Amino acid sequence: MIRTPPAADPKNAKLGAQTLTSASGNQPVQILGICGSLRAKSLNRNLLTLAGELAPQGVSVEIFDLLPIPLYNADVERQGAPEAVAALKAAIAAADAVIFACPEYNASPTAALKNAIDWASRRPTPDVASVLADKPAAIVGGGGRRGTVRAQAQLKQTLASTRMELIDDVEVALAGLRGNTDENGMLTNQEYRDLVGSLVQAVADQVREKRAAAVS
Ligand SMILES: Cc1cc2nc3c(=O)[nH]c(=O)nc-3n(C[C@H](O)[C@H](O)[C@H](O)COP(=O)(O)O)c2cc1C
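Below, the structure is given as structure tokens:
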């Protein structure tokens with residue numbers, strides 16, 4: 012079953028996430044979608060919704076809403092992670108992989124996305140890895156003429172610094188995103204839709220290969 016995620020209206024902001032699930036299979040793969048746009052009608056968040064719709068059998072995409080995440084502040088962190096941050100970290104820890112939706116603001120990832128990654132990168136204690144370390148990750152994004160390639164390049168550097176395992180054999184950097192969507196902001200361009208489908212398939216394959224390697 013597939014459900015559309017709620018709009019990121021501050022009134023509707025909630026901790027946690029909503030699941031967009033394809034028919035279940037034998038080996039479920041849980042992907043967490045994190046979108047750098049807080050906009051209610053974000054086209055980039057819709058790419059995560061589409062990933063859930065196109066996911067192969069047994070693969071689900073859950074979207075985490077970044078709206079309640081405060082700006083990183085080490086003083087606040089020292090008092091204990093805010094509830095929304097704890098929820099973010101728990102959602103990442105529970106997921107098999109993360110897909111970041113990366114809109115581009117002034118040639119960079121959005122502050123909201125970088126801020127969320129900064130919080131998530133923090134280790135509970137120096138001897139324990141962060142929830143991001145060794146977690147498979149992929150990126151989708153769309154925007155103007157250059158399709159967010161500059162923002163995605165920076166995001167890749169950040170993800171490497173957090174030791175996430177980047178899956179980049181499929182590049183989803185969609186130029187002219189606005190002109191390739193319908194009245195609901197969903198992708199109409201078949202080539203673009205196929206790219207999103209290939210990416211979610213690649214993420215699922217990577218998770219399953221990793222599992223198989225762990226038991227052999
Ligand atoms: C402050 C700001 C800076 C932007 N800079 C860029 C940019 O550098 N490159 C680009 O492709 N689009 C840029 N845009 C346009 C956004 O990428 C576009 O509005 C996009 O649809 C936002 O994603 P969303 O629909 O997921 O909210 C910018 C928008 C804002 C608000």
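Once you know that position 141 of the sequence shown is 152 in the numbering used here, the rest is easy, because the numbers rise by one and skip nothing. Every residue gets a Cβ at the ideal spot worked out from N, C-alpha and C, and that includes glycine. Just so you know, these numbers come straight off a predicted model, no measurement behind them.
Item: Whole-number beta carbon distance between R189 and A144, since they are thought to touch under 8 Å; Value: With 8 Å as the limit, A144 and R189 do not qualify as a contact, their Cβ atoms being about 36 Å apart.
Item: At least three beta-carbon pairs within less than 8 Å, the stretch 124-137 to the stretch 185-205; Value: no
Item: Cβ-based burial, S227 [other Cβ within 10 Å; buried from 16]; Value: exposed
Item: P120: CB within 7 Å of a non-hydrogen atom of ligand 1; Value: no
Item: Ligand 1 heavy atom lying under 7 Å from the CB of G69; Value: no
Item: Y83 beta carbon near ligand 1 (any heavy atom closer than 7 Å); Value: no
Item: V139, buried or exposed, once every other Cβ within 10 Å from all chains shown has been counted against 16; Value: exposed
Item: Stretch pair the stretch 200-216 + the stretch 158-168: three plus CB contacts closer than 8 Å; Value: no
Item: Of the residues E202, D180, A85, G187, the one placed nearest V214, counting alpha carbons only; Value: D180
Item: Opposing strand residues paired with I150 [DSSP bridges]; Value: F111
Item: Residues near L124 in its chain [Cβ-Cβ closer than 6 Å; skip 5 each side]; Value: G47
Item: When Y83, R89, Q68, A108 are compared against F75, the one with the closest alpha-carbon; Value: A108
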